Amino acid sequence: MNDIDPIKFEKVKNESEAFYKTIGKVRCPYFKEGISFNAKGLEHIKFHGPRHARSHRDQYIRFRLISLAPRILQESHTLQGLSRRNNLERIKTNSRWETAMRSVTYYEFVAVINDYRVRVIMKEVEGGSGKYFWSIIPFWKMDKITGRRLLHSGKPETD
Numbered sequence: 038m039n040d041i042d043p044i045k046f047e048k049v050k051n052e053s054e055a056f057y058k059t060i061g062k063v064r065c066p067y068f069k070e071g072i073s074f075n076a077k078g079l080e081h082i083k084f085h086g087p088r089h090a091r092s093h094r095d096q097y098i099r100f101r102l103i104s105l106a107p108r109i110l111q112e113s114h115t116l117q118g119l120s121r122r123n124n125l126e127r128i129k130t131n132s133r134w135e136t137a138m139r140s141v142t143y144y145e146f147v148a149v150i151n152d153y154r155v156r157v158i159m160k161e162v163e164g165g166s167g168k169y170f171w172s173i174i175p176f177w178k179m180d181k182i183t184g185r186r187l188l189h190s191g192k193p194e195t196d
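For the sequence shown, the residue numbers in the numbering used here are 38 to 196.
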């Protein structure tokens with residue numbers, strides 16, 4: 038499954054994007070508040086960073102799993118991971134976009150649903166508009182060089 042059929046990829050991508058845009062917010066019992074599913078999360082599924090697209094294979098896997106994210110957040114009562122970092126974040130100030138150093142907190146929830154073991158990452162930026170969905174990651178990844186399983190790279194901003 039190194040190469041994804043372009044027609045199959047586009048179909049999964051379009052269906053997943055349409056589904057994602059209907060989510061809006063879900064209530065997370067752990068935080069006792071709503072978690073937004075905004076454009077930033079969808080962009081992160083497609084891109085590692087600004088102007089750096091993920092491989093079609095990586096996008097395809099994430100698009101296939103995206104329907105599990107709202108359910109995982111709605112049913113999560115236990116936080117599995119927490120990471121705080123200072124990152125350069127794009128923020129809108131006075132009607133223009135700027136990059137500024139901000140304290141960022143990533144929250145991780147792990148679940149097994151329909152035989153898929155996945156991690157859902159939420160992000161909260163200091164001075165931002167609250168917590169929002171950031172990423173969904175298959176729990177196991179294979180190292181391309183060694184062929185070994187990897188949990189993750191340890192960098193939630195790119196995972």
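Ideal Cβ positions, reconstructed from N, Cα and C, are used throughout, including at glycine.
Given the structure is predicted, the values throughout are model-derived calculations rather than measurements.
Asked                                                                                                                                    : Found
Would you mind working out which of F170, I128, L105 sits nearest Y153, comparing C-alpha positions?                                     : L105
How would you call A148, buried or exposed, if buried means at least 16 neighbouring beta carbons within 10 angstroms?                   : buried
Measure from the alpha carbon of P66 to the alpha carbon of each residue in I109, S120, S166, then state which is nearest.               : I109
What separation, rounded to the nearest whole angstrom, lies between the Cα atoms of F164 and F74?                                       : First, the residue type needs correcting, since residue 164 is Gly and not Phe in the sequence shown. Spanning the two alpha carbons is a distance of roughly 18 Å.
For H81 and W171, which I take to be in contact (beta-carbon distance under 8 Å), what is that distance rounded to the nearest angstrom? : 6 Å
Could you check which residue in Y169, S53, N151 has the C-alpha nearest to that of M159?                                                : Y169
Between which two residues does the beta strand (DSSP E) holding Y169 run?                                                               : 169-175
Out of K69, F68, R101, state which residue places its alpha-carbon closest to the alpha-carbon of K83.                                   : R101
Return the residue from the list I41, A55, M138 that minimises the CA-CA distance to I103.                                               : A55
Quick check: the Cα distance between E52 and T130, rounded to an integer number of angstroms?                                            : 33 Å
Rounded to the nearest angstrom, what separates R88 and P107 at their Cα positions?                                                      : 27 Å
Could you spell out the range, first to last residue, of the beta strand (DSSP E) harbouring Y97?                                        : Looking at the DSSP string, Y97 is not in any beta strand (DSSP E); the run it does join, the alpha helix (DSSP H), is 93-102.
Which term fits E135, buried or exposed, when burial requires 16 or more other beta carbons within 10 angstroms of its beta carbon?      : exposed
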